[in-house]
Amino acid sequence: MTTEQLKEQFLGLLTINLPNSEIVLLFNKAIESGALDYENEEEDSYRTAKIIYHAILCKMAQHWKPLDPINRCDSEKLKRYL
């Protein structure tokens, strides 16, 4: 596979599985959960937004975790370079 082919496949995957819609859905669930006391945050603070974003990315990563041990190992190796 060439780099160009890999780019096309990755963009195709993003097109099929739009991350923005899942991010919005999970953001709304976070807000509605009542788990965070963001009403008392300072207006210019990104603290709560970062916490929510981290939780969303972790949740989304669980959905895409490779099941095959070899693929999981390759994913862990790649994380070191990102």
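Numbering (my numbering), first residue to last: 120 to 201.
Positions of the beta carbon are idealized from the N, C-alpha and C atoms, including for glycine.
Burial state of residue i (16 or more Cβ within 10 Å)
i           : result
residue 168 : exposed
residue 149 : buried
Residue of the options minimising C-alpha distance to residue i
i           : options               : result
residue 146 : 197, 135, 164 and 173 : 173
Delimiting residues of the alpha helix (DSSP H) encompassing residue i
i           : result
residue 167 : 166-182
residue 193 : 188-198
8 Å contact criterion, which residue i and residue j should meet: CB distance rounded
i           : j           : result
residue 170 : residue 155 : 7 Å
residue 151 : residue 179 : About 18 Å; that fails the 8 Å criterion.
residue 194 : residue 185 : 5 Å
Euclidean distance between Cα positions of residue i and residue j
i           : j           : result
residue 132 : residue 139 : 13 Å
residue 137 : residue 161 : 32 Å
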